[in-house]
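Just below is one structure, and these are the notes that go with it.
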Amino acid sequence: MSDVSASTALAESATPRPLSTLTTLGLGGPPRRLVTATDADEMVESVREADRLHEPTLILAGGSNVVIGDDGFPGTVVLVRSRGARVLNRDGDTLTVRVEAGEPWDEFVASTVTAGWSGLECLSGIPGSAGATPIQNVGAYGQEVAETIFAVQVYDRFADEVRTMPAEECGFAYRTSVFKGNDRWVVLSVDFRLTRSSLSGPVRYAELAGSLGVEIGERVPLAEAREHVLALRTRKGMVLDPNDPDTRSVGSFFTNPVLDAEEYARLRERTGELGDPPAWPQPDGTVKVSAAWLIDQAGFPKGFRRPGGVAISSKHTLALTHRGGGSTAALLALAAEIRDGVRERFGVTLHPEPVLVNCQL
Ligand SMILES: Cc1cc2nc3c(=O)[nH]c(=O)nc-3n(C[C@H](O)[C@H](O)[C@H](O)COP(=O)(O)OP(=O)(O)OC[C@H]3O[C@@H](n4cnc5c(N)ncnc54)[C@H](O)[C@@H]3O)c2cc1C
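Oh and the sequence shown: position 187 is 1055 in our numbering, straight run, nothing missing.
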């Protein structure tokens, strides 16, 4: 292991830049201290050192799922910049790949598609780092990482030890896990179990099946799945593009509400002549309802703008965007207005998907 204080001191920024330069929203004030960690050892030692100093600590990677307050962060930000991926073992058509936390997610997905490893292709185009994917069980177009994560290497800050958590311990569920909103664990690397195949997993998402011209359940060449997912995402402003202000977001700002049978029946009474909202029945009897539909029908259409440089994306109702010159306060005011409007109109409370750091909704 490297000399701790030397490595972190070397990587520490003298005058930390505002976190707005490190988030996809382009929002967030300065941290007290910023340390860049380029491998797992440096991540552990940076966090350990901050803990020793009793400093609040924020792990920041791609900055694509955080809303950081205008006052910044009153502690140490550890910027995750570790890189690399390698095959750990092969067993017939199955292989286990370990990817370091700071590896850019989409570059990793692209490499699995090129290598002919099936399992991540529908997660193409999602911004951020590989190490953040377990945090909210990243998912899109009918796939989520919970299906392929085999284990996660973590630094457990309570126990002060590095250990491997099997997927069963990670508490994966819809857009969450034991890691979300809990800073006990630092994800150092993630092991994915993938299948050697030139074909995708069965296509499960109707919109993707339509775009590919196949039936639900069919498989398509990996590269084709990736290409269609990227095209669909780009149309919705869900692939980062510095020239597209609609991508200056955290992706979906709200999760789709999951209602029990009674709540869903009450919602249907209130939607009345609007008809039923798009909804996906879950195996446990609950119903996941489209937050985008609720927001739109409550009077917040695409392109809805508010003072302070913030607006709903012109391509996707769920993406709240920063158009420039704005503030986190303005973005959260817009989010609160939408949440309250939906609750008043439909009696359903929307919850934010990103992690709120030093700010509140
Ligand atoms: C345009 C756009 C589209 C998006 N589309 C999707 C989508 O389709 N599906 C989806 O699920 N998400 C989507 N997202 C959200 C986001 O990209 C993912 O959640 C991504 O995994 C976040 O990665 P990150 O590296 O940017 O995390 P960050 O924003 O840096 O961090 C997010 C949270 O994870 C924690 N964290 C990050 N790395 C670690 C680590 N190594 N150890 C411990 N904690 C860590 C942070 O402390 C923070 O709490 C989208 C975002 C954008 C901007």
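Glycine included, C-beta positions come from ideal geometry on N, C-alpha and C.
Predicted model only: the values in this text are computed from it and were never measured.
{"Check": "List the endpoints of the continuous beta strand (DSSP E) containing residue 1132.", "Outcome": "Looking at the DSSP string, residue 1132 is not in any beta strand (DSSP E); the run it does join, the alpha helix (DSSP H), is 1129 to 1139."}
{"Check": "Give me, in chain order, the residues of the same chain whose beta-carbon lies closer than 8 Å to that of residue 933; leave out the 5 immediate sequence neighbours on both sides.", "Outcome": "996, 1000, 1003, 1004, 1118, 1119, 1221, 1222 and 1223"}
{"Check": "Tell me the DSSP bridge mates of residue 1063?", "Outcome": "962 and 986"}
{"Check": "Give me, in chain order, the residues of the same chain whose beta-carbon lies closer than 6 Å to that of residue 1009; leave out the 5 immediate sequence neighbours on both sides.", "Outcome": "990, 1073, 1076 and 1097"}
{"Check": "Considering just the uninterrupted stretch of the beta strand (DSSP E) at residue 1029, what are its terminal residues?", "Outcome": "1029 to 1034"}
{"Check": "Comparing alpha-carbon positions, which option in 894, 1033 and 982 lies nearest residue 1090?", "Outcome": "982"}
{"Check": "Buried or exposed for residue 1022, going by 16 or more other Cβ atoms inside 10 Å?", "Outcome": "buried"}
{"Check": "Indicate the three-state DSSP secondary structure (helix, strand or coil) for residue 1166 in the structure shown.", "Outcome": "coil"}
{"Check": "Considering only the beta carbon of each residue, do residue 949 and residue 906 sit closer than 8 Å?", "Outcome": "yes"}
{"Check": "Please name the residue, chosen from 1165, 1194 and 1186, that lies closest to residue 1178 on a Cα-to-Cα basis.", "Outcome": "1194"}
{"Check": "Considering only heavy atoms of ligand 1, does any lie closer than 7 Å to the CB of residue 1158?", "Outcome": "no"}
{"Check": "Which residue spans inside the region 1066 to 1104 form an unbroken alpha helix (DSSP H) run of at least 4?", "Outcome": "1074 to 1080 and 1090 to 1103"}
{"Check": "In this structure, what does DSSP give as the bridge partners for residue 1023?", "Outcome": "1030 and 1054"}
{"Check": "What residue ranges within the region 873 to 946 form continuous alpha helix (DSSP H) runs of no fewer than 4 residues, ordered along the chain?", "Outcome": "908 to 920"}
{"Check": "Note down the Cα distance separating residue 1151 from residue 1219, rounded to an integer number of angstroms.", "Outcome": "22 Å"}
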